[in-house]
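Going by UniProt numbering, the letters in the sequence shown line up with residues 1 to 200, in that order.
Every residue, glycine too, gets a C-beta built ideally from N, C-alpha and C.
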Amino acid sequence: MNMQSIGSGENLLPEKGEVFYYPYFFDKSQSNIFLERLIREINWKQEPIWMFGKQVMQPRLTALYGNEGISYGYSGIKMEPHSWNPLLMEIKDAIEKVAQTSFTHVLLNYYRDGQDSMGWHRDNEPELGLNPVIGSVSFGVPRKFQFRQYHDKTVKKEFLLEHGSFLLMKEETQHHWEHQIPKSKKVHGPRINLTFRRIQ
Ligand SMILES: O=C(O)CCC(=O)C(=O)O
Ligand SMILES: [Fe+2]
Numbered sequence: 001m002n003m004q005s006i007g008s009g010e011n012l013l014p015e016k017g018e019v020f021y022y023p024y025f026f027d028k029s030q031s032n033i034f035l036e037r038l039i040r041e042i043n044w045k046q047e048p049i050w051m052f053g054k055q056v057m058q059p060r061l062t063a064l065y066g067n068e069g070i071s072y073g074y075s076g077i078k079m080e081p082h083s084w085n086p087l088l089m090e091i092k093d094a095i096e097k098v099a100q101t102s103f104t105h106v107l108l109n110y111y112r113d114g115q116d117s118m119g120w121h122r123d124n125e126p127e128l129g130l131n132p133v134i135g136s137v138s139f140g141v142p143r144k145f146q147f148r149q150y151h152d153k154t155v156k157k158e159f160l161l162e163h164g165s166f167l168l169m170k171e172e173t174q175h176h177w178e179h180q181i182p183k184s185k186k187v188h189g190p191r192i193n194l195t196f197r198r199i200q
């Protein structure tokens, strides 16, 4: 796979979906502070999920925050959200202006090093609606973010998600493309990703 160099404004996908990338959405000093605070202030846990009929621990830490009373889950687990805090509200307010939607929940992932990862999946839970808008913010070491088409897994795209970046996935992306964060022996530092979602 070739790593593409990219800027904002153009669709990263060649067809069947829309993904936009804003590499310096938050500046470096602000991003450093966000990373430190997220590590300290979020209620991180390592939780099990169901895979091929077996319970396995997720290879990363996670947390769900959002509007009270609306639970959300994936891969056979249901999560009750913690209430929004000022730090998450600040990030949410900043990206909603660009995403042009209001998010109800944020799923946070803490990849402690290159051995933490997230496997191929689509964010297509029914409660996200037909064409979900997903706003993804990253802080910490850059990690590879890979896409492949769901019905032809040989069609692939790969990008780097940098410190302070914002990635917006919309339209039919979650129907036709899967995405993942692969493990890497070359990555040593931590990364935190926040995916903002709107539950209908
Ligand atoms: O860590 C990332 O950039 C991806 C996270 C993701 O795909 C998800 O939470 O559904
Ligand atoms: Fe995802």
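Rounded separation between residue i and residue j - CA only
i           : j      : result
Ser184      : Gly119 : 13 Å
Ile134      : Glu47  : 22 Å
His151      : Lys16  : 11 Å
Val98       : Val141 : 24 Å
Leu64       : Lys156 : 29 Å
Thr195      : Lys144 : 16 Å
Arg148      : Glu10  : 19 Å
Phe34       : Leu87  : 8 Å
Trp177      : Glu68  : 30 Å
Ile181      : Tyr111 : 10 Å
Glu14       : Ile192 : Rather than Glu, the amino acid found at residue 14 in this sequence is Pro. Each residue's alpha carbon lies about 27 Å from the other.
Gly129      : Thr101 : 13 Å
Arg197      : Ile91  : 13 Å
residue 222 : Tyr72  : Residue 222 falls outside the range modelled here, since the chain spans only 1 to 200, and no answer is possible.
Glu96       : Glu36  : 23 Å
Met169      : Asp93  : 17 Å
Glu172      : Asn124 : 10 Å
Met3        : Asn85  : Note that Met3 scores a pLDDT of 49, beneath 50, so its modelled location is shaky and nothing firm can be said.
His179      : Lys153 : 11 Å
Phe26       : Leu38  : 15 Å
residue 257 : His175 : One cannot answer for residue 257 here, as it falls past the ends of the chain, which runs 1 to 200.
His121      : Val56  : 16 Å
Gln58       : Thr104 : 24 Å
Glu158      : Ser117 : 15 Å
Leu12       : Phe20  : 6 Å
Ser5        : Leu107 : Because Ser5 sits at a pLDDT of 45, beneath the cut-off of 50, its placement in the model cannot be relied upon, and the following sentence gives the value as read from the coordinates. Between Ser5 and Leu107, the C-alpha separation is close to 27 Å.
Pro132      : Ser29  : 31 Å
Asn43       : Met89  : 16 Å
Gly189      : His163 : 12 Å
Gln146      : Gly66  : 27 Å
Ser83       : Glu18  : 30 Å
Strand pairing of residue i, partner residues [DSSP]
i           : result
Leu167      : Tyr21 and Ser136
Trp50       : Gln55
Trp177      : Gln149
Thr195      : Leu107 and Ser136
residue 225 : The question about residue 225 has no answer here: the residues shown for the chain are numbered 1 through 200.
residue 206 : The requested residue 206 does not occur in the structure, where the chain is confined to residues 1 to 200.
Whole-angstrom C-beta distance between residue j and residue i, which should lie under 8 Å
i           : j      : result
Ser136      : Pro23  : At roughly 13 Å, the Cβ-Cβ gap does not stay under 8 Å, so Ser136 and Pro23 are not in contact.
Ser75       : Met51  : 7 Å
Lys45       : Gly114 : About 21 Å separates the two Cβ atoms, so there is no contact after all.
Leu167      : Leu161 : 6 Å
residue 218 : Asn109 : With the chain running from 1 to 200 in the structure shown, residue 218 is simply not present.
Gln200      : Glu127 : 6 Å
> Where are the beta strand (DSSP E) runs, 3 residues long or more, that stay fully inside the stretch 33 to 103, in chain order?
Replying inline: Taking only runs of at least 3 residues, the beta strand (DSSP E) segments lying wholly in the stretch 33 to 103 are 48 to 51, 54 to 57, 61 to 66, 72 to 74 and 77 to 79.
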